[in-house]
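If you read the protein sequences in the order shown, they are chains L and E.
Per our numbering, the first sequence starts with residue 1110, numbered consecutively.
Per our numbering, the second sequence starts with residue 71, numbered consecutively.
For every residue, glycine included, the Cβ atom is placed at its ideal position computed from N, Cα and C.
See below for the structure under consideration.
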Amino acid sequence: GAVVSQHPSWVICKSGTSVKIECRSLDFQATTMFWYRQFPKQSLMLMATSNEGSKATYEQGVEKDKFLINHASLTLSTLTVTSAHPEDSSFYICSASGNQETQYFGPGTRLLVL
Amino acid sequence: GNSVTQMEGPVTLSEEAFLTINCTYTATGYPSLFWYVQYPGEGLQLLLKATKADDKGSNKGFEATYRKETTSFHLEKGSVQVSDSAVYFCALTSPNTDKLIFGTGTRLQVFP
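Below you can see the structure in the form of C-alpha cells.
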C-alpha cells in the first residue's frame, strides 16, 4: 500500500527558532500534498495544499509567511514553521495523493515550542 | 458550504458489542465519503470509502453505506474488539477537488 513518512516524529524547540518538517511518499509519486494541523481532541484542519513545482495554496487564516511550504519533487514536501512560538505547538500531519483522490497520511509530527 | 457532522464521543463498549457511529454530511453535488481511523500515537489511516450513492465500503469488519436520501454514512461493526479502540473520523471530498473535510472525530473505547 501507499506509505507516507514524516520526519521528525517529534521536536522540541525554543521560541523564535524555525523548525522544518519533512513529508515523503515512499512508494508512489504524490502530485498533491496536504498539510494539516490537529489540536488535542479536535479534528484536522487543512492548512495548505501543494502541488509539485507550484506555490502552495493556503487556507483562509493560515499565515503563508509563517508556515512555509515547499514541494520540490513528487516525493517530498516540507513545512517550515518560522519564528515558532508556544501557540504554534501542535500536531502537524501531512498527506499525499497521486492520480487517484485517496489521501494517504503520514504519522504526524508533534511540535512543542518552549 | 460542505460539512461533516459526527456523533460526539466517547463511545464506550464492551468487547463483542455492536458498534454504530453516526455521520451525516452536507455537500453540493456528489461527494466521495470516507472513514479514517487514528490509533493512539499514530497518524490517520483510511478505513473505508464509498464514491457513489448506495455503495458500501467495508474493511476489517467495518461497513458503511453511502445513503444519499438521508445524507448519511454511518459506520458499523458487528462485534468490536479491544484493538478497535481509536478515534474515527468521517470525511468527504467534493467533486473536482482533493480537499478532505473532516468531522470532529469520535473516540471509541472498547473494554474487555
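| Since Ser102(E) contacts Thr82(E) with CB under 8 Å, what's their CB separation in whole angstroms? | Going by Cβ atoms, the distance from Ser102(E) to Thr82(E) rounds to 30 Å, so no, they are not a contact pair.
| query | Shorter than 8 Å from the beta carbon of Gln179(E) to some beta carbon of chain L? | reply | No, Gln179(E) does not count as interfacial toward chain L.
| task | Tell me, please, whether the CB atom of Pro1195(L) is closer than 8 Å to any CB atom in chain E? | result | For Pro1195(L), the answer is no, since every Cβ of chain E falls outside 8 Å of its Cβ.
| task | Evaluate the contact criterion for the segment 146-158 of chain E versus the segment 1208-1222 of chain L: three or more CB pairs, one atom per stretch, below 8 Å. | result | Counting Cβ pairs under 8 Å, fewer than three are found: no touch.
| request: Below 8 Å CB to CB, which residues in the same chain sit around Phe181(E) once its five sequence neighbours on both sides are set aside? | output: Cβ within range, chain order: Thr82, Leu83, Ser84, Glu85 and Val152.
| said: Considering just the uninterrupted stretch of the beta strand (DSSP E) at Asn129(E), what are its terminal residues? | reply: Note, Asn129(E): beta strand (DSSP E), Lys126 to Asn129.
| Exposed or buried, which one is Lys119(E) when buried takes at least 16 other CB atoms within 10 Å? | With 16 or more Cβ atoms within 10 Å of its Cβ, Lys119(E) is classed as buried.
| Coil, strand or helix - Glu1196(L) by DSSP | Note: Glu1196(L) maps to helix in three-state DSSP.
| task | Could you check which residue in Leu1185(L), Thr1158(L), Lys1150(L) and Thr1189(L) has the C-alpha nearest to that of Asp1174(L)? | result | Nearest option by C-alpha distance: Thr1189(L).
| request: Anything in the segment 1134-1151 of chain L with a Cβ closer than 7 Å to a Cβ of chain E? List those residues in chain order, please. | output: Taking 7 Å as the Cβ-Cβ cut-off against chain E, the residues of the segment 1134-1151 of chain L that qualify are Thr1141 and Gln1151.
| Per DSSP, the bridge partner or partners of Met1154(L) | Bridge partners of Met1154(L): Arg1146(L).
| message | Which residue marks the beginning of the beta strand (DSSP E) containing Gln1212(L), and which one marks its end? | response | Per DSSP, Gln1212(L) belongs to no beta strand (DSSP E) and is neither H nor E.
| said: Run through chain E and tell me which residues come within less than 7 Å of Gly1217(L), C-beta to C-beta. | reply: Around Gly1217(L), the beta-carbon contacts reaching into chain E at under 7 Å are Gly113.
| task | Kindly indicate which three-state DSSP category Val1171(L) falls into: helix, strand or coil? | result | In the structure shown, the three-state DSSP call for Val1171(L) is coil.
| By the criterion of Cβ-Cβ separation under 8 Å, what are the contact partners of Asp168(E) in chain L? | Correct list: Thr1141, Phe1143, Thr1158, Ser1206, Glu1210 and Gln1212.
| field | Minimum length 3: unbroken beta strand (DSSP E) runs contained in the segment 146-178 of chain E | value | Those beta strand (DSSP E) runs which fall completely within the segment 146-178 of chain E and span 3+ residues are 156-163 and 170-172.
| task | Going by DSSP, name the residue or residues bridged to Gln1115(L). | result | Beta-bridge analysis with DSSP links Gln1115(L) to Cys1132(L).
| task | May I ask which residues mark the beginning and end of the beta strand (DSSP E) holding Arg1219(L)? | result | Where Arg1219(L) is concerned, the enclosing beta strand (DSSP E) stretches over Thr1218 to Val1222.
| Name the chain L residues whose beta carbon is nearer than 7 Å to that of Phe159(E)? | What Phe159(E) touches in chain L: Ser1152.
| query | If we call anything under 8 Å between Cβ atoms a contact, is Tyr1167(L) one with Ala1181(L)? | reply | No, the Cβ-Cβ distance between Tyr1167(L) and Ala1181(L) is not below 8 Å.
| task | For Ser1198(L), collect the residues of the same chain with a Cβ closer than 8 Å to its Cβ; drop the 5 residues on either side in sequence, then sort them by chain order. | result | Closer than 8 Å at Cβ, skipping near neighbours: Leu1220, Leu1221 and Val1222.
| DSSP beta-bridge partners for Ser1159(L)? | Met1142(L), per the DSSP bridge assignment.
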